[in-house]
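Below: the structure, in structure tokens.
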Amino acid sequence: MAFTFLVLASFYPPEQRALRYADALASAQGGHLVLLHAHRASLYDPYMFAGEAWRRQELAQDADAAALLRELAGQLRAPATVELMTDLLPTMLPALTQRYAPALFVLGLPAAGPEAAGQVSTAALELLRAAQFPVLLVPEATTAADLPQRVLIAADREAFGLAPTSEAAAGLLQTLGADFTVAYVSEVEDDAGCARALRAVQASGVLAPETTVELRGCLAPDAATGLLGAAEEVGADLLVLLARSRSYLGELFHRSVTAAVIERSTLPVLLLPVVEADAVPLTADLQQQAQG
Numbered sequence: 002m003a004f005t006f007l008v009l010a011s012f013y014p015p016e017q018r019a020l021r022y023a024d025a026l027a028s029a030q031g032g033h034l035v036l037l038h039a040h041r042a043s044l045y046d047p048y049m050f051a052g053e054a055w056r057r058q059e060l061a062q063d064a065d066a067a068a069l070l071r072e073l074a075g076q077l078r079a080p081a082t083v084e085l086m087t088d089l090l091p092t093m094l095p096a097l098t099q100r101y102a103p104a105l106f107v108l109g110l111p112a113a114g115p116e117a118a119g120q121v122s123t124a125a126l127e128l129l130r131a132a133q134f135p136v137l138l139v140p141e142a143t144t145a146a147d148l149p150q151r152v153l154i155a156a157d158r159e160a161f162g163l164a165p166t167s168e169a170a171a172g173l174l175q176t177l178g179a180d181f182t183v184a185y186v187s188e189v190e191d192d193a194g195c196a197r198a199l200r201a202v203q204a205s206g207v208l209a210p211e212t213t214v215e216l217r218g219c220l221a222p223d224a225a226t227g228l229l230g231a232a233e234e235v236g237a238d239l240l241v242l243l244a245r246s247r248s249y250l251g252e253l254f255h256r257s258v259t260a261a262v263i264e265r266s267t268l269p270v271l272l273l274p275v276v277e278a279d280a281v282p283l284t285a286d287l288q289q290q291a292q293g
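Okay, so the sequence shown: first residue is 2 according to the numbering used here, each after it adds one.
Printed below as a string of structure tokens:
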């Protein structure tokens, strides 16, 4: 199966770093890249009242940038195309995913600081999280040589299933040939919690049924500290965080465990949207059993 990676592209270091990493990953998997260039990522269309003529005018001014991006695409190891838009909007995400069926979106993670708030990638991350799309965040310390060989999956005691948008990303994980570790963080020893976390991952479809998975309990005062410590101890080069649907509704991003991990992580982080166990659609076999 050939995977497509939608990469938020620009000429600044975080996006260039993410592009190099995505290129290495895509070429190793026989995949395809889409270099997505947007001026802004927002909830509202700034041309809603100005009209489409203004949008076309702004796109016409991008001719030089478009030419340079196409030249860059031709220098990559993986086959790549360029997609230009003025604004990355919620209404455009379904069209992008239908056109390219991406396994995930790839964003460069800017270094922490007040300037990060104004970067397109920061707004794009918020938008993609709200839309429940898998996002691979590439931090400053990552190099293209750091392809995943050991993956740490953070899990809790609760069962879950893959969100429909995450199925291709899970397929990508299963083809990496990496070693997998499930990490469960608690303040006190909780063997039952560790076991339930492992079973939740094994039953979710994130990994193939025959995959050998190591289980690691982590004692820490908070989840972010425990996960980052476990990642360092096992030598992980990719951290997978399960983005449960409830977190999109009631939790501000900058206060979440995800935000704390992203802020401190030196390795790539895959945000993988999942759904609660009772929201997982029945398979055809289970539907027949239920009807019988």
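Cβ atoms here follow ideal geometry from the backbone N, Cα and C, with glycine treated the same way. Computed from a predicted structure; not experimentally measured.
Classified as buried, Gly32 has 16 or more neighbouring CB atoms from the shown chains inside 10 Å of its CB.
Out of Glu211, Leu163, Glu159, Ala68, the CA that lies nearest to the CA of Gln133 is found in Leu163. By the neighbour-count criterion, in which a residue is buried when 16 or more other Cβ atoms sit within 10 angstroms of its Cβ, Val270 is buried. Where Ala244 is concerned, the enclosing beta strand (DSSP E) starts and stops at 239-245. With contacts defined as CB atoms closer than 7 Å, Ala232 and Leu174 fail to qualify as a contacting pair. By the Cβ neighbour-count rule, Pro165 is exposed, with fewer than 16 other Cβ atoms within 10 Å of its own. Separation of the CB atoms of Phe181 and Ala278 is rounded to 21 Å, and the pair is thereby denied contact status at 8 Å.
Put simply, of Ser28, Phe106, Ala96 the residue whose alpha carbon is nearest the alpha carbon of Leu137 is Phe106. Looking at the backbone, the Cα of Glu16 and that of Thr98 are separated by about 20 Å. Between the alpha carbons of Glu215 and Leu208 lies a gap of roughly 13 Å. When DSSP states are grouped into helix, strand and coil, Arg130 belongs to the helix group. Remark: fewer than three beta-carbon pairs, one from each stretch, lie closer than 8 Å, so the region 82-93 and the region 229-243 are not flagged as touching. Closest in alpha carbon position to Ala81, among Asp223, Gly206, Ala3, Val235, is Ala3. Counted as a single uninterrupted DSSP element, the beta strand (DSSP E) harbouring Gly162 occupies residues 161-163. DSSP places Glu84 outside any alpha helix (DSSP H); the residue lies instead in the beta strand (DSSP E), whose first and last residues are 81-89.
Residue environment: Thr144 is assigned as exposed (fewer than 16 neighbouring CB atoms within 10 Å of its CB, all protein chains considered).
Ala244 is not a Cβ neighbour of Leu148, given a cutoff of 7 Å.
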